[in-house]
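Right, one structure below, let's go through it.
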Amino acid sequence: MSTAFSPYRPAQGTYARIGTAVALLVVFLFGSYRLYSLLATGPGKVFIVLGLKVPYAALVPGGVFIVLGALVWVLTFGPQTGIKGLDALTRRWIDLLIDTEGELRKVSWPTRDDLVNSTAAVLVSIVLLGVFLVGMDFLVGWAMSSLGVLPK
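So the sequence shown is numbered by numbering that gives the first Met the number 0: it starts at 0 and just counts up by one.
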């Protein structure tokens, strides 16, 4: 039985849904703040909400954030909207998130010791390569200066 506000495939891909929703909301929050900073140039008119002075320039970014937040809710929760195209897109998107989380559960993650050893090997390799490149640069520069190709 599917009601209008029941989630699509509940209890599946929970972490992927939450992570995606939080990431998108953070991006939209920064975008809304940027939009507000573009609109709020100089002193403007304000209105009072719950005893706080809110500039009128905050209405558009606030509305944009609310609309985008509702879209994030639809794309991660998956309620039926009655719009065929949006419902199909939502179901494909949620299926992708569920499949992604399922594949990540199959990954063989390294242990802490393996990770530390691999990181140490990479850092040592980078330092050795850097020393080698600096030495070669000095050697080639010295040789070119000795031959008169580069000024001394």
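Backbone N, C-alpha and C fix where the C-beta goes; we use that ideal spot for every residue, glycine too.
Give me the Cα-Cα distance between residue i and residue j, rounded to the nearest whole angstrom.
i	j	result
Val-48	Val-21	27 Å
Arg-91	Met-135	54 Å
Leu-96	Val-66	22 Å
Ala-120	Thr-110	15 Å
Tyr-7	Val-71	14 Å
Trp-141	Val-123	27 Å
Asp-113	Val-133	30 Å
Val-130	Tyr-35	49 Å
Would you call the CB atoms of residue i and residue j closer than 8 Å?
i	j	result
Val-56	Ala-39	Reading off the sequence shown, one finds Ala at residue 56, where the question assumed Val. In this structure, Ala-39 lies closer than 8 Å to Ala-56 by Cβ.
Ile-125	Gly-12	no
Gly-68	Leu-24	yes
Residues in the same chain with beta-carbon distance under 8 Å from residue i, minus the five sequence neighbours each way, listed in chain order, please.
i	result
Asp-86	Gln-79, Thr-80
Gly-43	Pro-54, Tyr-55, Ala-56
Here's the rule: buried if 16 or more other CB atoms are within 10 angstroms of the residue's CB, otherwise exposed. What is residue i?
i	result
Met-0	Its pLDDT being 49, under 50, Met-0 is placed unreliably in this model, and the value from its coordinates should be taken loosely. Flag for Met-0 reads exposed.
Thr-118	exposed
Pro-150	exposed
Pro-60	buried
Excluding the 5 residues flanking residue i on each side, which residues of the same chain have their C-beta closer than 7 Å to its C-beta?
i	result
Phe-64	Phe-27, Leu-28, Ser-31
Excluding sequence positions up to five away, which residues of its chain have a Cβ less than 6 Å from the Cβ of residue i?
i	result
Gly-77	Pro-6, Tyr-7, Thr-89, Ile-93
Counting only runs that start and end within the stretch 82-126, where is the alpha helix (DSSP H) found for 4 or more residues in a row?
83-105
Can you give, in chain order, each stretch of the alpha helix (DSSP H) that sits fully within the stretch 11-75 and has at least 4 residues? 13-38
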